[in-house]
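Numbering (full-length UniProt numbering), first residue to last: 1 to 633.
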């Protein structure tokens with residue numbers, strides 16, 4: 001029985017048959033300055049516009065309206081710094097005042113409606129404050145992951161052409177401080193914008209003083225002391241809220257544009273219906289504000305819903321140990337946690353039986369959500385066992401901004417199938433097609449595409465380049481958005497996402513998913529995590545090669561493990577997989593958001609030119625793998 005009397009099948013059907021009525025109904029959850037009378041406009045198709053005659057302010061919806069509703073004393077943002085060993089809590093009243101004051105600082109620098117603000121900050125409250133302050137003025141923010149190299153920051157500054165850059169002294173990592181100011185200074189020079197104002201939030205413990213650099217810097221605290229608070233500026237629903245550059249950008253950056261109106265409607269819908277999070281609930285997304293997950297579900301989603309959001313400055317292990325997540329859940333009485341499978345695998349590797357959980361009462365936790373990487377079945381079963389709560393995978397992209405496929409826990413919790421993120425969410429007309437765009441049978445793997453139009457909250461275009469948006473996403477399959485992922489739908493309609501389409505390999509004419517092989521390899525009791533890639537083979541075209549990281553404290557001979565993994569893949573997939581090579585490695589190369597760099601690994605193995613993405617967590621991991629991966633090894 002659905003929790004609120006609404007069934008998934010009815011909701012999904014109506015969203016496709018009557019999108020106009022469906023999303024206008026959903027839009028009632030938003031506080032509008034001008035209420036929309038139209039949900040969707042296809043006048044600029046294939047560029048879509050949602051709620052074209054509506055006006056609102058996103059910052060007002062995330063803050064002021066909750067204060068006006070009498071919940072100003074409720075915690076809005078809890079900053080938990082494992083790096084500094086303390087917490088800071090902002091109530092809705094306090095956060096509203098802080099955002100209004102910093103919006104005044106931005107306004108004093110000439111920032112107004114439609115202007116861009118580049119934000120280069122780590123996981124500190126000022127990141128959320130700066131985002132919301134830009135939104136308050138009707139400006140467009142572009143958050144760049146703190147710690148990106150100067151050139152990566154420069155290309156984003158050059159593309160977004162901001163009025164101001166917001167940064168801090170630096171970021172904290174286990175055992176080291178990352179200096180930001182020299183990077184920002186170099187980026188401004190590289191971008192040809194040395195005169196841009198840079199607002200600097202001072203943090204103790206960093207070597208560079210902003211006064212030592214030849215630039216136009218503004219002290220955050222001093223400017224704040226003299227600022228006049230700014231009121232929310234209404235903007236059109238179709239006006240951009242933010243630009244988020246996709247990870248791994250090289251050359252011309254690809255800036256995903258999110259609007260104000262569709263974004264607010266979609267995130268409010270998801271908080272209530274997908275995550276079952278409501279006003280007053282404590283919600284924790286263990287990600288970074290530099291990624292889309294941080295935009296949607298550290299900052300905007302929970303605050304739009306009136307929930308309490310936890311912002312965590314730390315790691316799943318090592319700050320101080322693999323019990324860090326359980327400590328945060330206990331200390332802040334978290335109702336639901338959203339994290340990446342790679343974080344769970346890291347915890348499991350260090351603490352296979354979750355013994356450290358015994359130090360904390362995590363009884364408030366009702367649901368664990370995962371996304372970012374496919375949740376392998378072994379990690380799913382482990383997390384389900386040690387936590388004793390539903391472990392809910394869901395699948396989405398930077399471009400969509402919210403879940404394409406999920407399990408609507410607040411609408412109608414559906415049976416969970418290990419390995420599947422469940423069913424398409426309302427508004428997403430998902431199809432599986434072959435290379436020619438023809439539908440494939442249930443159970444058959446193909447390209448995952450979404451029939452246009454995409455629902456509210458998804459990307460509206462790429463910054464400054466509508467044609468590139470069309471060419472990149474809408475040209476491969478007529479009338480569809482190409483996700484770039486492959487997968488299949490089973491007989492019950494459950495979606496299985498197997499990986500990027502370039503992770504489908506061809507072994508002697510047989511198309512095989514490396515994701516399917518990984519799922520089998522990951523079942524071995526010695527394996528903490530794994531990556532399977534297809535490398536060039538003169539005889540069979542490609543062959544599957546596996547790389548595995550062992551669980552902490554586990555010892556097994558490499559030849560024994562390889563023999564057992566080969567037998568396991570042969571049993572579960574069949575000899576057609578022709579899987580014969582598995583190598584034990586200390587670590588897999590990943591982006592800071594947890595995605596394994598399979599493409600880079602494959603390029604090295606094939607002897608192709610490769611560029612290590614700027615988003616890599618630890619470049620030394622690639623260096624260690626090169627002699628293992630190199631052709632002729």
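Note that CB positions come from ideal geometry on N, CA and C, so glycine has one too.
Evaluate residue i with the Cβ neighbour count: other Cβ atoms within 10 Å of its Cβ, from every protein chain shown; 16 or more gives buried, anything less gives exposed.
i: residue 554; result: exposed
i: residue 376; result: buried
i: residue 643; result: There is simply no residue 643 to check, as the chain begins at 1 and stops at 633 in what is shown.
i: residue 613; result: buried
i: residue 19; result: buried
i: residue 597; result: buried
i: residue 353; result: exposed
i: residue 623; result: exposed
i: residue 381; result: exposed
i: residue 522; result: buried
i: residue 456; result: buried
i: residue 444; result: exposed
i: residue 557; result: exposed
i: residue 368; result: buried
i: residue 630; result: exposed
Taking DSSP as the reference, what is the three-state secondary structure of residue i?
i: residue 396; result: coil
i: residue 429; result: strand
i: residue 383; result: helix
i: residue 420; result: coil
i: residue 565; result: helix
i: residue 206; result: coil
i: residue 131; result: helix
i: residue 411; result: coil
i: residue 447; result: strand
i: residue 141; result: strand
i: residue 498; result: strand
i: residue 610; result: coil
i: residue 559; result: helix
i: residue 261; result: helix
i: residue 362; result: coil
i: residue 369; result: strand
i: residue 278; result: coil
i: residue 116; result: strand
i: residue 51; result: coil
i: residue 533; result: strand
Any heavy atom of the ligand ZN within a distance shorter than 7 Å of the CB on residue i?
i: residue 367; result: The ligand ZN is not part of this structure, which contains no ligands at all.
Residue i to residue j, Cα distance in whole Å?
i: residue 28; j: residue 273; result: 15 Å
i: residue 484; j: residue 72; result: 43 Å
i: residue 454; j: residue 587; result: 37 Å
i: residue 34; j: residue 606; result: 57 Å
i: residue 541; j: residue 419; result: 28 Å
i: residue 14; j: residue 310; result: 34 Å
i: residue 253; j: residue 193; result: 17 Å
i: residue 621; j: residue 388; result: 34 Å
i: residue 461; j: residue 47; result: 7 Å
i: residue 251; j: residue 365; result: Model confidence at residue 251 stands at a pLDDT of 48, short of 50, so the residue's coordinates are unreliable; what they give is reported in the following sentence. If you take the alpha carbons of residue 251 and residue 365, they lie about 43 Å apart.
i: residue 340; j: residue 406; result: 15 Å
i: residue 519; j: residue 306; result: 38 Å
i: residue 429; j: residue 481; result: 10 Å
i: residue 259; j: residue 166; result: 22 Å
i: residue 236; j: residue 544; result: 51 Å
i: residue 609; j: residue 579; result: 26 Å
i: residue 102; j: residue 201; result: 12 Å
i: residue 370; j: residue 212; result: 44 Å
i: residue 85; j: residue 172; result: 12 Å
i: residue 499; j: residue 374; result: 8 Å
i: residue 287; j: residue 594; result: 10 Å
i: residue 98; j: residue 132; result: 10 Å
i: residue 54; j: residue 577; result: 54 Å
i: residue 638; j: residue 600; result: It is not possible to answer for residue 638, since the shown part of the chain is limited to 1 through 633.
i: residue 59; j: residue 96; result: 9 Å
Would a check of beta-carbon distances place residue i closer than 8 Å to chain B?
i: residue 114; result: Looking for chain B here will not work: only one protein chain is present.
Measure how close the beta-carbons of residue i and residue j come, nearest whole angstrom, since I'm counting them as under 8 Å.
i: residue 22; j: residue 408; result: Not quite, the Cβ-Cβ distance comes to about 14 Å (not below 8 Å), so this is no contact.
i: residue 410; j: residue 559; result: Going by Cβ atoms, the distance from residue 410 to residue 559 rounds to 50 Å, so no, they are not a contact pair.
i: residue 241; j: residue 135; result: 6 Å
i: residue 479; j: residue 452; result: 6 Å
i: residue 246; j: residue 398; result: 5 Å
(request) Decide yes or no for the touch test of the region 487 to 501 against the region 283 to 297: beta carbon pairs closer than 8 Å, at least 3 of them. (result) no
(request) Flag this pair as touching only if the region 78 to 95 and the region 213 to 229 have three or more C-beta atom pairs under 8 Å; answer yes or no. (result) no
(message) Can you confirm whether the region 393 to 404 touches the region 351 to 362 when touching is taken to mean that 3 or more C-beta pairs between the two stretches lie within less than 8 Å?
(response) no
(message) For the structure I just gave you, are there three or more beta carbon pairs, one from the region 142 to 155 and one from the region 313 to 329, closer than 8 Å?
(response) no
(message) Quick test of the definition: if touching needs 3 or more C-beta pairs under 8 Å, does the region 180 to 200 touch the region 60 to 69?
(response) no
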